[in-house]
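Notes follow once the structure below has been shown.
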Amino acid sequence: MKRKALIAGNWKMHMTVLEGCRLAAEIVASCKDYTDREVLLAPPCTIISEVSHILAGSKIILSSHNVCWEEKGAFTGEISPTMLQDAGASCAIVGHSERRQVFFESDEVINKRLKGALAFGLMGILCIGETLEEREAGNTQAVLERQVRKGLADVPASQMKQVVLAYEPVWAIGTGVTASKEQVQETHAALRQLISEIYEKDIAEGLRILYGGSVKATNVDELMSQQDIDGALVGGAALDSISFARIINFE
């Protein structure tokens, strides 16, 4: 099955309104009328609304960095799915390694966030990934299987078309160290097999699995040449319009 590639730019905690709108406009200008790939931007929640106006008329998907599972209520510091939709977003990233490592979000909380996003019609990007310690101990597959099974707990097959999986080995994020294309392909193939066991083969074959971890203009082509790498979740390189444009226009 030919899956449409997805190149996602995670701006993390960067960009003021002016900076973000300028960057978004530069990215819009660099995008072509693709039929084989999609582009996604995830700015800080404070500028989602402003960036949405810049993206109007383009096909670029707008995402948040996180989402609450409730529509409203006493959840100080959280943002609901409907608030995100009102601001112009149609997607939410959940389970990013920084949420897991820095803010101690558990698999159970991440699962609630994903289900909340899906329930309100948002696309959900579920991030998974092992630490260097877990990898060196030979626990990569066990860690990823736990994160996938717990992250997708009680997510019905009917909602899996809204789900994107993003494999981000923690040891490769922002470090300049990139897993080899062979390592990533092997891991993605194993993840797809796991999804086929949890659901069925057709769902697994249709699921987009992104790679994140120091993806840049100089390595995106070889990564995207692999059968089971369906896109990239880009961090640092997404903050530079020239670098990100090169990644979007991978060959």
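Residue numbers (the working numbering): 126 to 376.
Ideal Cβ positions, reconstructed from N, Cα and C, are used throughout, including at glycine.
Secondary structure at serine 368: helix, using DSSP grouped into helix, strand and coil. Rounded to the nearest whole angstrom, the CA to CA distance from leucine 209 to lysine 197 is 12 Å.
The C-alpha of glycine 145 is placed about 14 Å away from the C-alpha of alanine 362. Secondary structure note for valine 164: its beta strand (DSSP E) is the uninterrupted segment 162-167.
Residue burial annotation: valine 288 is buried, with at least 16 other C-beta atoms found within 10 angstroms of its C-beta. Going by beta carbons, leucine 358 and glycine 337 fall inside the 9 Å limit. Methionine 140 sits in coil when the DSSP states are folded into three classes, being neither helix nor strand. Residue environment analysis places leucine 148 among the buried positions, since at least 16 neighbouring C-beta atoms fall within 10 angstroms of its C-beta.
With contact defined as three or more Cβ pairs closer than 8 Å, the region 289-309 and the region 337-349 are in contact.
Ranked by Cα distance from threonine 300, the options Glu203, Leu257, Asn264 are led by Leu257. Contact annotation: serine 177 and alanine 150 have beta-carbon atoms that are not nearer than 9 Å.
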